[in-house]
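Its first residue numbered 346, the sequence shown is counted upward by one per residue in this note's numbering. Worksheet: one structure, shown below.
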Amino acid sequence: MSRESRMFAGILLVVLPSVMYGGLTLLSMLTGNTPGYSDNPLRQNLWRAGHAHAGVYLVLSLVMLRYVDEAVLSPFWKWLARSGAPIAAILIPAAFFLSVLSPSSTRPNGLMNLAYIGALFLAAAVLSLGVDLIRAARRMER
């Protein structure tokens with residue numbers, strides 16, 4: 346594993362407990378009938394989705410790091426394959442949390458657009474890595 350991938354993995358593992366803490370916070374707000382959360386289904390759903398996406402994308406980031414160094418990508422595409430999923434793990438949950446920051450929100454605000462930017466980073470990362478790994482496997486057959 347390269348130094349860059351090892352550093353990214355270390356950072357991701359250090360950040361992961363913050364997602365765990367977020368889940369505990371959501372659970373306490375739900376079970377404690379916190380006003381502005383338990384009485385706002387939109388906010389509940391978006392915050393739950395934000396928490397889930399953060400955790401899944403962080404784990405996906407760790408998995409992808411195991412393959413990035415095996416890919417034959419240019420430095421830019423290698424950077425994107427290495428950092429696209431962690432960027433998505435920040436932007437997409439941020440969109441879900443910040444778009445209904447007000448306890449009385451009835452619809453998401455413009456910060457929901459961060460989710461689309463995060464989705465672009467994620468798509469570019471997984472596609473570039475996936476396509477290159479398929480190419481590398483085909484080269485090995487020859």
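Every residue, glycine too, gets a C-beta built ideally from N, C-alpha and C. No experiment lies behind these values; they were computed from the predicted model shown.
Secondary structure of residue i, DSSP reduced to three states
i, result
"tyrosine 461", "helix"
"serine 373", "helix"
"glycine 367", "helix"
"glycine 355", "helix"
"methionine 346", "coil"
"serine 473", "helix"
"proline 380", "coil"
"arginine 487", "coil"
Under 9 Å between C-beta atoms of residue i and residue j
i, j, result
"alanine 440", "glycine 463", "yes"
"alanine 354", "tyrosine 402", "no"
"methionine 346", "aspartate 414", "yes"
"valine 399", "isoleucine 437", "Note that residue 399 is alanine in the sequence shown here, rather than valine. Yes."
"serine 350", "leucine 405", "no"
"leucine 357", "leucine 407", "yes"
"glycine 368", "phenylalanine 442", "no"
"phenylalanine 466", "alanine 430", "yes"
"proline 453", "leucine 387", "yes"
Interface flag, residue i vs chain D, CB-CB below 9 Å
i, result
"isoleucine 462", "The structure shown contains no chain D; it holds only a single protein chain."
Residue ranges of each alpha helix (DSSP H) within the stretch 387–457, 4 or longer
The stretch 387–457 contains, as complete alpha helix (DSSP H) runs of 4+ residues, the segments 420–443 (chain order).
Tell me, please, whether the stretch 447–456 touches the stretch 379–387 by the rule of three or more beta-carbon pairs shorter than 8 Å.
Contact holds: three or more Cβ-Cβ distances are below 8 Å.
Pair every Cβ in the stretch 359–375 with every Cβ in the stretch 408–428, then say whether three or more of these pairs are closer than 8 Å.
Contact between the stretch 359–375 and the stretch 408–428 is absent, because fewer than three Cβ pairs lie under 8 Å.
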